[in-house]
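Numbering (mature numbering (1 follows the signal peptide of the UniProt record, and there is no 0)), first residue to last: -18 to -1, 1 to 295.
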C-alpha cells in the first residue's frame, strides 16, 4: 500500500509539473515580450526625444540665419535686400508710368482745352513785338497753332481740329495745317523786294473783273493765267485747263471782297498768287513788303487768305 501510494504521489507531482510547465513558459515568454516591448518603447521614446531635440536645434539654427538679415534691415537698408528689391520691382506711385508721362508733358496738353487753351492768345503773348493776323479755323473747328523761330524769321502754322490744344502741342506733328504766316527780315529793301516776287503782265486778253478793274488772261502749258493790279498789289490766278478751272470766276470773287475789305499797305510791293491746280495750305499766297521785312500769308482757300491778310494788325 505504501509503495502504491508513493507511486501515485510521484505520478501526481509529475502531472502537476507537466501542467504548470506551459503556463510558466507562457508567462516567461510574456515577460520577455513585455520586456522587449518596453525596450522598444524606450528606444522609440529616446528616438522621438532625439528627433525633437534635432528639430529644435534646426529651428534654432534657422532662427540664427534669419536674425542677421532682420537686424540688418533695421539699420541701413542694403540695395540687395530681398524685401527692398521686391517692393521696388512692383508698380508704385513713384514709378507709375502715367506720372512720368505727366511730368514730361505740359500741364494742360492732353485736356480738351476749349476753355483753357487759346493758342492764338499764346502766340500774341509770345510775339507781342510782331504784327500778327487774326485767324479763324474753317467749318467751326478749334484753332490750333505751331510756331517756330529761326534766324531772322518767325513761322506760324494754323490747324483746324476738333479740340483746342496749347500752342506747339506734339499732336500737331500728325496734323495738316490749313494756313500759315511768316515774318522774315531780309536786312535790305532790295532783298525784301526780290522775295516778294512781284508779277506784272498786261499781255493777253482783257477781262472785265468789275468795279472798273481790268484783268489780262493768257494761256500757257495747259494752264490759264489771269493778272490784274490794285494799288501796289499785283494779283495772279492760275487755273488748269484739264480740270476746267476758270480763273475769271475766282478773280471776280476776290475783287468783290476787296471792294469792302482793305489789304495792308505794302512798302513797296505786294503780291497775291492763287493756284487753283494745287491743294493744301499754300494754294493761295499773300506776300507784302514793309521796308526790309516781308510778311507772308498762305491759305487753302483764296478768300480765306485775303481775310487773314486783311486782319493783319
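The beta carbon of each residue, even a glycine, is placed where N, CA and C say it ideally should be.
Can you tell me which of the three DSSP states residue i falls into?
{"i": "residue 161", "result": "strand"}
{"i": "residue 282", "result": "coil"}
{"i": "residue 261", "result": "coil"}
{"i": "residue 156", "result": "helix"}
{"i": "residue 59", "result": "Low local confidence applies: a pLDDT of 33 at residue 59 is under 50, so the model's placement there is unreliable, and no value is given."}
{"i": "residue 182", "result": "coil"}
{"i": "residue 21", "result": "Any reading at residue 21 is ruled out, since the residue's pLDDT is 39, under 50, leaving its predicted position unreliable."}
{"i": "residue 82", "result": "Model confidence at residue 82 stands at a pLDDT of 31, short of 50, so the residue's coordinates are unreliable; what they give is reported in the following sentence. Helix at residue 82."}
{"i": "residue 176", "result": "helix"}
{"i": "residue 287", "result": "helix"}
{"i": "residue 109", "result": "coil"}
{"i": "residue 171", "result": "helix"}
{"i": "residue 35", "result": "Here the model assigns residue 35 a pLDDT of 44, short of 50, so the residue's position is not dependable, and the following value carries that caveat. Here residue 35 sits in helix by DSSP."}
{"i": "residue 294", "result": "coil"}
{"i": "residue 11", "result": "Annotation note: pLDDT 41 at residue 11 (below 50); position unreliable, coordinate value reported separately. In the structure shown, residue 11 sits in a helix (DSSP, three-state: H, G or I)."}
{"i": "residue 150", "result": "coil"}
DSSP has residue i in a bridge; who is on the other side?
{"i": "residue 145", "result": "In the DSSP output, where bridge partners are listed per residue, residue 145 has none listed."}
{"i": "residue 187", "result": "199"}
{"i": "residue 138", "result": "129, 163"}
{"i": "residue 266", "result": "256, 281"}
{"i": "residue 276", "result": "166, 271"}
Along the beta strand (DSSP E) that carries residue i, what are the first and last residues, could you check?
{"i": "residue 126", "result": "124 to 132"}
{"i": "residue 99", "result": "First-last for residue 99: undefined, no H or E at that position."}
In the DSSP assignment, find the alpha helix (DSSP H) that holds residue i and state where it starts and stops.
{"i": "residue 119", "result": "Here residue 119 belongs to no alpha helix (DSSP H), and DSSP marks it neither H nor E."}
Taking only beta-carbon positions, decide if residue i is within less than 9 Å of chain B.
{"i": "residue 113", "result": "Here chain B cannot be found, since the structure has a single protein chain."}
Jot down the residue ranges of each uninterrupted beta strand (DSSP E) in the segment 193 to 254, minimum 3 residues, whole runs only, in chain order. Correct list: 195 to 202, 205 to 212, 215 to 222.
Touching or not, the segment 219 to 231 and the segment 122 to 141, by the rule of three or more beta carbon pairs under 8 Å? Not touching, per the Cβ criterion.
Validate contact between the segment 167 to 180 and the segment 266 to 284 using beta carbons, cut 8 Å, 3 pairs: yes
Determine, using beta-carbon pairs with one atom in the segment 234 to 247 and one in the segment 281 to 295, whether at least three such pairs fall under 8 Å. yes
If contact is defined by three or more beta carbon pairs under 8 Å, each pair taking one atom from either stretch, is the segment 190 to 207 in contact with the segment 149 to 168? Touching, no, given that fewer than three Cβ pairs across the two stretches are closer than 8 Å.
Does the contact criterion of 3 or more C-beta pairs under 8 Å hold for the segment 172 to 187 versus the segment 251 to 262? yes
May I ask you to verify whether the segment 149 to 160 touches the segment 183 to 191, counting CB pairs closer than 8 Å and requiring at least 3? no
Below 8 Å, can you find three or more Cβ-Cβ pairs linking the segment 104 to 116 to the segment 260 to 271? no
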